[in-house]
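Written below as structure tokens is the structure these notes are about.
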Amino acid sequence: NDAECWMLAVPESATDAGSRLIALPVVRLPATGPTPKEPVFWLEGGPGSSNLNYRPPDWLRRDHDVVLVGYRGVDGPVRLDCPEAAAVLKRTLGVGALDSDAQAEAAAAMQRCAERLQAEGVDLAHYTLSDVIADLELARTTLGYERINFLAVSYGTRIAQLYAYQHPDRLGRSILVSVNPPGRFVFDPAVL
């Protein structure tokens, strides 16, 4: 395997100079052909899915480095796992999950999870799309790429679109599959 793997230290808060550093795994699969073009960064769907499981086809690797940057809160040592809420959702799924009692129980479980994570030192305000975009930009500059391309699916397409707004001069092309445009993640159960 010719994968290059390492941990990228990123500030938990890009706006707080005293913020702790968190580690994100980065995998670069170098191009196999003699004249590589701009790299392709993979962006997985979710949110909550790992960004490290993509296996690019040979034809893509022939002309491009493929880069996987772990998502904060999902990949790496800091994980925003909430077994408190998962237990409630598993128990109520399909059996009144949208009734007010189940929603209140899920909200209370999420609150307990948030309190536990904060007590462990996690600053929950910095696990947002903007932070993921900052992580990608730091990975791009660390790797020395002037411009990058995206291959993205679902939630990853939202990241790609917002990155394009913030860094248009750093983005070549994007291929977006199952596009999830910026907007709401939580939908109204009555509408669904």
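Per this note's numbering, the very first residue in the sequence shown carries number 56; after that it's consecutive. Glycine residues also receive a C-beta, built at the ideal position from the N, C-alpha and C atoms.
Which residues bound the beta strand (DSSP E) around Leu115?
-> Going by DSSP, Leu115 is part of no beta strand (DSSP E) but of the alpha helix (DSSP H) stretching over Asp113 to Asp118.
Endpoints, beta strand (DSSP E) assigned at Gly227 = Leu226 to Val232
CB of Ile84 within 7 Å of CB of Val65, strictly = The sequence given here places Leu at residue 84; Ile does not occur at that position. Cβ atoms of Leu84 and Val65: not closer than 7 Å.
Could you check where the beta strand (DSSP E) with Glu93 kicks off and where it finishes?
-> Taken as a continuous stretch (DSSP letters only), the beta strand (DSSP E) holding Glu93 covers Lys92 to Leu98.
The stretch 212 to 225 in contact with the stretch 151 to 164 per 3-pair CB rule at 8 Å = no
Would you list the one or two residues that DSSP bridges to Leu84?
-> Val121
Using a threshold of 7 Å, state whether the C-beta atoms of Asp120 and Pro94 are closer than that.
-> yes
Ignoring anything shorter than 3 residues or poking outside the stretch 152 to 237, list the beta strand (DSSP E) runs there in chain order.
-> If we require 3 residues or more, the beta strand (DSSP E) runs fully inside the stretch 152 to 237 come out as 203 to 208 and 226 to 232.
Where does Ala69 sit, in a helix, a strand or coil, going by DSSP?
-> coil
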